[in-house]
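Notes to accompany the following structure.
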Amino acid sequence: MTSSAQAQTAPNYLQAGWTLRSWLCTTDHKRIAILYALSITAFFFIGGAAATLMRLELATPQGDLVSADSYNKLFTAHGVIMVWLFLIPSIPSVLGNFLLPLMIGARDLAFPRLNLLSWYLYVAGGLVTLAALVLGGVDTGWTFYTPYATMFSNSHVALTLVGVFITGFSSILTGLNFIVTTHLLRAPGMGWFKLPLFVWANYATSVILVLATPVLAITTLLVVAERLFQIGVFDPAHGGDPLLFQHLFWFYSHPAVYIMVLPAMGVASEIIPCFARRRIFGYRFMAYAILAIAGVGFLVWGHHMFVSGQSLTASLVFSLLSFIVAIPSAIKVFNWTATLYKGSIRFDAPMLYALGFVGLFTIGGLTGLFLASLALDVHLTDTYFVVSHFHYIMVGGSVMAYFGGLHFWWPKATGRMYPEMWARVAALIVFFGFNLTFFPQYVLGYQGMPRRYHAYPPEYQVLNVLSSAGASILAIGYLLPLGYFAWSLRRGKIAPRNPWGAAGLEWQAPSPPPPHNFDAPVQAPADVYAYRPPRSATAGEAP
Amino acid sequence: MNRPLRTDMAMAARPPSLEPSTQSQFGMWVFIGTEALFFGGLLLAYAWGRASHPEGFTAASRHTDIVLGTLNTAVLLCSSALAALAALHAREAAWPSCRRCLLAAAGLGVLFLCIKGAEYRQEWTEGLFPGPGFRLGDDHTPPVGSAMFFQFYFTATALHALHLMIGIGLMVWQALHPPPPDHPGQAVSRVEATTLYWHFVDMVWIVLYPLLYLGGRHP
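Protein chains in written order, with our numbering: chain A, 107 to 649; chain B, 64 to 282.
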């Protein structure tokens with residue numbers, strides 16, 4: 107029998123084909139995850155370049171580097187690219203795509219070809235959006251508020267919206283794939299409450315993707331139709347209502363915040379137990395909290411519209427509901443903290459990112475409560491306080507977690523260890539640079555500096571210079587991993603099957619996994635968080 | 064890794080009790096959920112428009128062609144019945160009858176599109192397309208909201224027609240691809256998922272028909 111030899115020398119998924127075609131026509135979820143990783147990294151740096159120019163402009167009070175019009179286009183490009191082309195696909199499409207089948211013991215997603223189609227739609231949408239930028243850009247902000255976007259803006263609104271529309275279908279199909287996979291392809295013995303929280307988080311995210319994104323799709327179509335025919339629902343001159351756009355837009359875009367942060371919570375819930383050697387605290391509450399955030403998150407969109415003139419009753423209800431979202435979010439923060447209690451904590455790079463995530467998410471979340479308070483929001487609306495708040499959630503939260511996840515699963519995906527010392531330094535630089543960039547913006551916003559202007563009164567300069575200095579440090583922190591990850595692909599130590607002694611099912615697969623993920627029939631672990639007695643001895647400590 | 068293993072059987076991670084049909088049908092239901100929210104956004108905007116401008120909407124909706132609209136409703140209902148029969152035949156492994164039903168349903172879909180096209184042409188010549196030359200019959204200054212009604216009319220029916228075209232493509236594709244002899248169950252699941260989609264597109268029309276043709280027509 108040659109099967110034994112076959113199993114021994116079976117190529118891993120990276121060796122399954124070397125041609126460009128073998129990558130571009132692959133249906134292997136792991137390869138598609140790599141395709142996503144490469145493309146979102148490109149967009150991350152394009153969006154980052156726009157942010158760099160903005161921070162350079164804001165280093166001095168005068169508008170001396172770019173014109174007001176260019177500045178408008180820069181922050182729009184930054185927002186559109188970072189939200190739709192980086193953050194939304196980041197953790198689900200890269201880490202989720204790679205890990206979901208591995209974590210539940212499946213060979214692939216339920217619809218592998220649909221998964222590849224999602225990537226192509228993403229790339230097509232990304233290129234259309236990029237084309238709009240190259241042709242002259244958009245100046246509406248990533249929110250495309252009407253009537254400016256429909257009646258007055260002379261920039262490439264329609265083309266950008268077409269790009270967003272196409273990218274949206276990529277999200278929808280990924281969400282659909284994840285939902286069906288999680289329901290139907292779990293390995294025998296892998297019950298719902300045995301799933302890793304990362305799977306729960308991606309499942310909840312998928313539900314949001316599937317139910318919220320289509321509303322954005324129809325809204326973009328209505329805006330495009332209105333721009334083409336100059337008549338319709340959002341135009342007050344013809345009996346339309348621009349506020350209707352805000353309702354429809356935020357019905358998607360507020361849940362989109364949870365699309366970005368729920369997977370990040372999933373990543374933290376995998377890393378923290380592993381590096382504290384403790385079972386996750388309150389597993390069921392963590393799972394319910396994920397579902398609660400996803401559910402209640404659909405009902406809070408009106409808190410973006412407190413100063414829009416909506417009725418006071420509506421504002422009160424939206425304010426109350428926004429406070430309610432804080433409860434499951436706080437449960438998660440408390441449970442991560444409780445997981446650390448009496449743990450044997452190791453501060454490896456993934457853990458540094460995960461701890462950074464918890465702290466920054468907490469700050470971002472608590473300042474969200476300031477903004478959910480009706481009276482205070484009137485003062486803070488459209489100031490840098492808002493900018494800082496959502497960057498703490500999206501960058502301090504989601505991007506930190508994404509980087510943590512990249513480091514944690516890097517050995518699994520590539521079969522190589524990254525250089526630990528460099529990675530720790532990079533994690534600390536990111537944490538420091540991030541806080542220096544965005545904490546001054548809270549103060550600026552509180553003092554009344556409005557967002558989206560390229561010039562400002564001189565008394566705001568000190569804090570702006572601090573913020574710009576922080577941004578340059580942050581940029582170094584983001585560039586470092588690019589270097590040492592690339593280095594590790596050739597020079598890094600060969601990674602063992604389970605370098606962290608983690609308990610999840612994905613660590614039973616070889617590193618990197620073979621095309622069909624496992625080289626032996628899958629045994630669902632009795633406990634995917636088995637880090638402490640009585641089972642810690644058998645949970646697969648570091649080899 | 065100690066035991067000799069054949070990679071193909073070793074990967075049987077899928078629970079054996081689940082048939083592939085569950086997968087594609089479940090996937091289609093999730094997709095229908097997405098689509099419901101897609102049209103839902105449009106219907107919300109329509110509801111808002113109708114509530115804000117009842118006169119404009121009422122005046123405008125009298126100008127849709129109720130005869131052709133009703134005829135089209137009947138055509139689609141018949142096509143859905145044929146699609147249901149196709150699924151039934153597929154389950155009974157009666158492939159030739161299944162294929163006939165699929166093609167007949169797709170044919171009715173094409174008929175629907177032809178009637179719709181004729182309707183569009185008539186509306187275009189009557190000046191009902193929203194824009195600078197918009198008018199309701201001889202009324203060149205129609206009440207506020209009537210142009211908005213026709214924007215909804217054209218957006219909703221065009222999106223519906225687009226969905227129907229995709230449906231026709233899927234039905235014809237299924238009809239042209241007989242079930243593989245080794246996996247007859249696969250074809251059943253494909254046909255069932257496709258007809259599910261067909262019924263959904265039909266349902267959308269069932270909602271649009273009263274909103275666009277019947278509402279506001281009473282004397």
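We put the CB at the ideal spot given by N, CA and C, even for glycine.
Just so you know, these numbers come straight off a predicted model, no measurement behind them.
Contact annotation: G607 (chain A) and R522 (chain A) have beta-carbon atoms that are not nearer than 7 Å.
W129 (chain A) and R137 (chain A) have their alpha carbons spaced roughly 7 Å apart. Secondary structure in the region 459-516 of chain A: the alpha helix (DSSP H) runs of 4 residues or longer, each lying completely within the stretch, are 480-486 and 490-497 in chain order. For H246 (chain B), the closest Cβ of chain A is not nearer than 7 Å.
D454 (chain A) is not bridged by DSSP to any residue. The beta carbon of W407 (chain A) sits closer than 6 Å to those of W356, F357 and H360, all from its chain and outside the five residues before and after it, given in chain order.
Nearest in C-alpha terms to Y119 (chain A), of all of A:H622, A:V628 and A:A636, is A:H622. Residue environment for V270 (chain B): exposed (fewer than 16 other C-beta atoms within 10 angstroms of its C-beta). With a beta-carbon spacing of about 4 Å, F340 (chain A) and T252 (chain A) fall inside the 8 Å limit used to define contacts.
In this structure, the alpha-carbon of V172 (chain A) lies about 15 Å from that of V244 (chain A). Sequence-distant Cβ neighbours of T543 (chain A) in its own chain, meaning closer than 6 Å and more than five residues away, are S573, G576, A577 and L580. If you check the CB distance, H184 (chain A) and A156 (chain A) come in under 7 Å. Using a CB distance cut-off of 7 Å, F335 (chain A) counts as an interface residue toward chain B. With its beta carbon less than 7 Å from one in chain B, A323 (chain A) belongs to the interface. Fewer than three pairs of CB atoms, one per stretch, sit closer than 8 Å, so the region 378-392 of chain A makes no contact with the region 413-424 of chain A. Spanning the alpha carbons of L174 (chain B) and C141 (chain B) requires a straight line of approximately 11 Å. Taking every protein chain shown into account, the CB of L301 (chain A) has 16 or more other CB atoms within 10 angstroms, so this residue is buried. Here DSSP, grouped into helix, strand and coil, assigns R522 (chain A) to strand. Residue pairing from DSSP places I600 (chain A) in a beta bridge opposite A:R522. Boundaries of the alpha helix (DSSP H) harbouring N221 (chain A): P218 to V240, taken from the DSSP string. Less than 7 Å divides the Cβ of F463 (chain A) from the Cβ of A374 (chain A).
Using beta-carbon distances, P605 (chain A) does not count as an interface residue toward chain B, since no partner is under 7 Å.
A181 (chain B) and W187 (chain B) have their C-alpha atoms some 10 Å from each other.
Between A398 (chain A) and P369 (chain A), the CB-CB gap reaches or exceeds 7 Å. Interface criterion not met: the Cβ of G132 (chain B) is under 7 Å from no Cβ in chain A.
Here N221 (chain A) is buried, its C-beta having at least 16 other C-beta atoms within 10 Å. Taking A601 (chain A) as the centre and dropping the five residues before and after it, the same chain places the C-beta of P517, G521, R522, M523 and S617 closer than 7 Å to its C-beta, in chain order.
The way I'd put it, the region 240-251 of chain B doesn't touch the region 207-220 of chain B; fewer than three beta-carbon pairs between them come closer than 8 Å.
For the C-beta of I278 (chain A), the chain B residues within less than 7 Å are, from N- to C-terminus, T97. Between the region 330-350 of chain A and the region 203-213 of chain B there are three or more C-beta pairs closer than 8 Å, enough to call the two in contact. P556 (chain A) is bridged by DSSP to A:T489.
Using a Cβ-Cβ distance cut-off of 8 Å, the region 317-331 of chain A and the region 91-105 of chain B are in contact, since at least three pairs of beta carbons, one from each stretch, lie closer than that value. Scanning its chain for C-beta atoms nearer than 8 Å, with the 5 sequence neighbours on each side dropped, one finds around Y254 (chain A) the residues T246, in chain order.
By the criterion of at least three beta-carbon pairs nearer than 8 Å, the region 143-159 of chain A is not in contact with the region 324-332 of chain A. Taking H116 (chain B) as the centre and dropping the five residues before and after it, the same chain places the C-beta of V207 and G208 closer than 6 Å to its C-beta, in chain order.
Using beta-carbon distances, A216 (chain A) counts as an interface residue toward chain B, with a partner under 7 Å.
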